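If you read the sequences in order, they're chains B and W. Per the numbering used here, the first sequence runs over residues 1 to 616. Per the numbering used here, the second sequence runs over residues 1001 to 1151. Built from N, CA and C at the ideal position, the CB exists for glycine as well. Since the structure is predicted, the reported quantities are computational estimates derived from the model, not experimental observations. Accompanying notes for the structure given below.
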Amino acid sequence: MSKLEDLRAAAEKQWAEFSSNEKPRVMVGAATCGLASGAGAVIEEFKAQLQKAGLAGKVELVETGCIGLCYAEPLVEIRSANSPSVLYSKVSPKDVEKMVKEHLIGGEPVKEKAIAVMADEEYKGIAPFRQHPMIALQKRVVLRNCGVIDPTSFSHYLARGGYKGLERALSMSQDEVIDDVKLSGIRGRGGAGFPTGVKWSFAKASQNDVKYVICNADEGDPGAFMDRAVLEGDPHSVIEGLMIAGYAIGAKYGYIYARAEYPLAIARLKNAIAQAEEAGILKNKDGFYFEIKIKKGAGAFVCGEETSLMASIEGVRAMPRPKPPFPANSGLFKKPTNINNVETLAAVSSILREGGAEYAKLGTEKSKGTKTFSLAGKIERTGLIEVEIGTPLRDIIEKIGGGCADGKKFKAVQTGGPSGGCLTAEHMDVPVDYETLGALGAIIGSGGMVVMNEDSCMVEVAKFFLGFTGNESCGKCIPCRMGTQHALRILEKITSGEGELEDIERLKKICMTMKQSSLCGLGQTAPNPILSTLRYFEDEYLAHIKDKKCPAHVCPKLVHFSIDPEKCVGCTMCSRSCPTGAAHGAPKQKHSIDPEKCISCSACYQACKFGAVQRD
Amino acid sequence: MNNTQSKKYDFSAYEPKREYLVAALQDVQDSEGYISEDAVKQLSEYFGISRSDIYSVVSFYAQFKFKKPGRHIIKVCKGTACHVRGSGSLLAALEERLGIKEGETTPDGLVSLERVACLGACALAPAIVVNEKVYGRVTLAQLQKILEGLK
Chain B
1 MSKLEDLRAA AEKQWAEFSS NEKPRVMVGA ATCGLASGAG AVIEEFKAQL
51 QKAGLAGKVE LVETGCIGLC YAEPLVEIRS ANSPSVLYSK VSPKDVEKMV
101 KEHLIGGEPV KEKAIAVMAD EEYKGIAPFR QHPMIALQKR VVLRNCGVID
151 PTSFSHYLAR GGYKGLERAL SMSQDEVIDD VKLSGIRGRG GAGFPTGVKW
201 SFAKASQNDV KYVICNADEG DPGAFMDRAV LEGDPHSVIE GLMIAGYAIG
251 AKYGYIYARA EYPLAIARLK NAIAQAEEAG ILKNKDGFYF EIKIKKGAGA
301 FVCGEETSLM ASIEGVRAMP RPKPPFPANS GLFKKPTNIN NVETLAAVSS
351 ILREGGAEYA KLGTEKSKGT KTFSLAGKIE RTGLIEVEIG TPLRDIIEKI
401 GGGCADGKKF KAVQTGGPSG GCLTAEHMDV PVDYETLGAL GAIIGSGGMV
451 VMNEDSCMVE VAKFFLGFTG NESCGKCIPC RMGTQHALRI LEKITSGEGE
501 LEDIERLKKI CMTMKQSSLC GLGQTAPNPI LSTLRYFEDE YLAHIKDKKC
551 PAHVCPKLVH FSIDPEKCVG CTMCSRSCPT GAAHGAPKQK HSIDPEKCIS
601 CSACYQACKF GAVQRD
Chain W
1001 MNNTQSKKYD FSAYEPKREY LVAALQDVQD SEGYISEDAV KQLSEYFGIS
1051 RSDIYSVVSF YAQFKFKKPG RHIIKVCKGT ACHVRGSGSL LAALEERLGI
1101 KEGETTPDGL VSLERVACLG ACALAPAIVV NEKVYGRVTL AQLQKILEGL
1151 K
């Protein structure tokens, strides 16, 4: 790959220029989170203001990936020669003029918008990025480039050590590569946690002239977005990992199966594949030949199961099949196939670049390396993080995430999506690793963490998940098809105040049947949210069944809203917030709630500033 | 179905192999917003797959619709994070104001209302998508503005 050496020399020059402060630059986070928070309008305003200030063409405007501080989006970083680089949060178009005038031209950071300075030392009272509470405890391996490089730039990736892992792999034998991955100790990050090196050795051992490697980018867990951020922010790292996997098992063809709901990720991947082809890395006829096709998923959660995903690529209904035969022997188009998740492959690039032993230094005895998590739900700092496996839950929720939002009381964190379970306040000091979470009835899963507070009803959460898995069940095997429906019906009965004590036993029985006899992971793990909430929050189930109360005031049939005429001042806040017109009244007159129309959404309760809306 | 003129689809970008069926369906879905009877017939001829077999694929995946959608499509995210942050109220409000249920289209063909499993914008929950544009931290007040902007 001598051509790559030349490219890298040029790329390093480009990167040095990009990372220096000499050329003024405005960088706007433009991944999905940024765009959803209004980054598009901020970019347009910067264009206009730079034009107005006569700086168009002199100041470069760059769109970057996700740095993970989603709560603070839209994020803007400004670099100029006259001050250290500063990161600004929650930037709106009306802040832009001031930033251009004061920072870019005057060299004076706009303090009230600044969140961190991209330097080692504090600058004018702005703390360094490394010390930001959401960043300080992180260990970024997979996310090392996200939000740092321009994800559409091949040079940036190359200059940051990109494709060195592939070069090292190609200088080794296939078995040496597999041994290095085994040495790293990495386990599949998609959810099941199977050791990656071992998986590769099965596919390598399988004899066939055609083999496939597949990247599972069909991130279907509701509440998880780690893979999206990696694909959007550092697409080459996934391509490099897929190529290394291809080389190790002896496959020339790779597929990336990506969700159709992630259009930006797909666009970034296509761009990166074209760049790698042009550079002679992909479709290299003189060395290791490898080609990649992108397949767009069509919306089926069951594709998280590998045999379903392969059926989907083949163009049929995505239904799983019994194993064996395992994909390593008979997979896609009946050829030996290896499937890994996005995060696993991105980590593999780093493992091969730095060596498996280096990666194995991170994490715990049995769970090596780092894991990304998406923090969402009722937590102060939502976003994407990466920590060493074994980090205490408290560090993740309280130190990194800033604790519960709005000063409410923490109740639980749901991990692993519809296949997972919950951890409660008593688990705050446990290390987050595969073994510990497994023993507690939760899982690391793909890394979604959704925080619940006192306003979340755990029975309703279980019902939500069963509604989801019931919808997504492919219907092939009876335990899953019927089990999800029956369990859901019982949960609906309980949350409507019609539950009986026997329902708890019925639920447990259905759950065990599903776990033991479902065909694939979807049905086997679908009961986990029920079992886990029963384990830690049985009192909430009992309150619904015995007292006909929803302690969190969530379940519509068990909570009633009314307006206390003594306290109502007729400010109309409740009627304006009511989605169904149930809360009504003329201005300055006493309001009331029509129980027929009320859907118990709590909007009026939250809107009322006088405590006049009562709920029981 | 009163399709007076039938459209000729061009699938020549794909080899007539089964593995390209889903991609060809996605193209039809993207350009027309749904999979018509006519499209299934022509896909069947091009790929040499029976119509019932193609229907089995179309009906399996959430992305494919059988009915022509409205001019604007509102998708409400019902992922976990959005759910705990109140996307249920957003959906209820939209159903109330549009006078339709999720999965339906307003009688004037202006708006279709859908729910999606997860948009991956969990950090900005609750999120909705209006014609491919993602809106984060959506409030009921903002919803009203978005609806007013649809013509």
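Asked	Found
A217/B beta carbon less than 7 angstroms from that of A258/B	yes
Span separating the alpha-carbon of P84/B from that of K111/B	13 angstroms
Exposed unless 16 or more other CB atoms sit within 10 angstroms - verdict on A276/B	buried
Cross-strand partners of P1107/W (DSSP beta bridge)	According to DSSP, P1107/W bridges with nothing at all.
Assigned exposure category for N1131/W - 16 Cβ within 10 Å defines buried	exposed
A376/B and G223/B closer than 7 angstroms at C-beta	yes
Beta-carbon neighbours of E1019/W, restricted to chain B and to distances below 7 angstroms	I313, E314, G315
Contacting residues, own chain, Cβ-Cβ under 7 angstroms from E596/B (five flanking each side not counted)	none
Rounded C-alpha distance that separates L1025/W from V1058/W	8 angstroms
Any 3 or more C-beta pairs closer than 8 angstroms across the region 496-515 of chain B and the region 463-474 of chain B	no
is_contact[F1066/W, chain B] using C-beta, thresh 7 angstroms	no
Counted within 10 angstroms of its Cβ, other Cβ atoms place G1011/W as buried (16 or more) or exposed	A small fix is needed here, since residue 1011/W is Phe in this sequence, not Gly. Buried, by the Cβ-count rule.
Range covered by the beta strand (DSSP E) that runs through C215/B	212-217
Chain-ordered chain W contacts of S37/B [CB-CB under 8 angstroms]	L1124, G1136, R1137
For L372/B, the three-state DSSP class (helix, strand or coil)	Looking at the sequence shown, residue 372/B is not Leu but Thr. Strand.
Per-residue DSSP class, three states only, for A116/B	strand
Chain B residues whose Cβ lies nearer than 8 angstroms to that of V1057/W	G315, V316, R317
Closer than 6 angstroms: L4/B CB and nearest the ligand ATP heavy atom	Inclusion of the ligand ATP in the displayed structure is not the case, the ligand content being empty and no account of it being possible.
Inter-residue CB distance, N341/B and G233/B (contact presumed, cutoff 8 angstroms)	Going by Cβ atoms, the distance from N341/B to G233/B rounds to 16 angstroms, so no, they are not a contact pair.
In DSSP terms, what L61/B is bridged to	V26/B
Simplified DSSP assignment, three categories, for R1097/W	helix
Short CB-CB distance (under 7 angstroms) between Y1009/W and chain B	no
Helix, strand or coil at K411/B [DSSP, three-state]	strand
Boundaries (first-last residue) of the alpha helix (DSSP H) holding H486/B	478-495
DSSP three-state assignment for M1001/W, whether helix, strand or coil	Because M1001/W carries a pLDDT of 46, less than 50, the predicted location of this residue cannot be relied on, and no value is offered for it.
Counted within 10 angstroms of its Cβ, other Cβ atoms place N1002/W as buried (16 or more) or exposed	Low local confidence applies: a pLDDT of 48 at N1002/W is under 50, so the model's placement there is unreliable, and no value is given.
P195/B - DSSP class collapsed to helix/strand/coil	strand
Simplified DSSP state of I444/B, which is helix, strand or coil	coil
Sequence-distant residues of the same chain with beta carbon closer than 6 angstroms to F202/B, five excluded per side	A328
Beta-carbon neighbours of K493/B, restricted to chain W and to distances below 7 angstroms	Chain W residues near K493/B: none, gap ~19 angstroms exceeds 7 angstroms.
Short Cβ contact (7 angstroms threshold) for V459/B with T495/B	yes
Identity of the residues DSSP links to E17/B by a beta bridge	Its beta-bridge partners do not exist; DSSP assigns none.
Top-ranked residue by Cα proximity to M27/B, from L75/B, A9/B, L69/B	L75/B
Rounded separation between C578/B and A347/B - CA only	47 angstroms
Proximity of G668/B and Y71/B at Cβ, strictly below 7 angstroms	Beyond the ends of chain B as shown, which are 1 and 616, falls residue 668/B; an answer cannot be given.
Contacts of G1088/W in chain B (Cβ-Cβ under 8 angstroms)	C601
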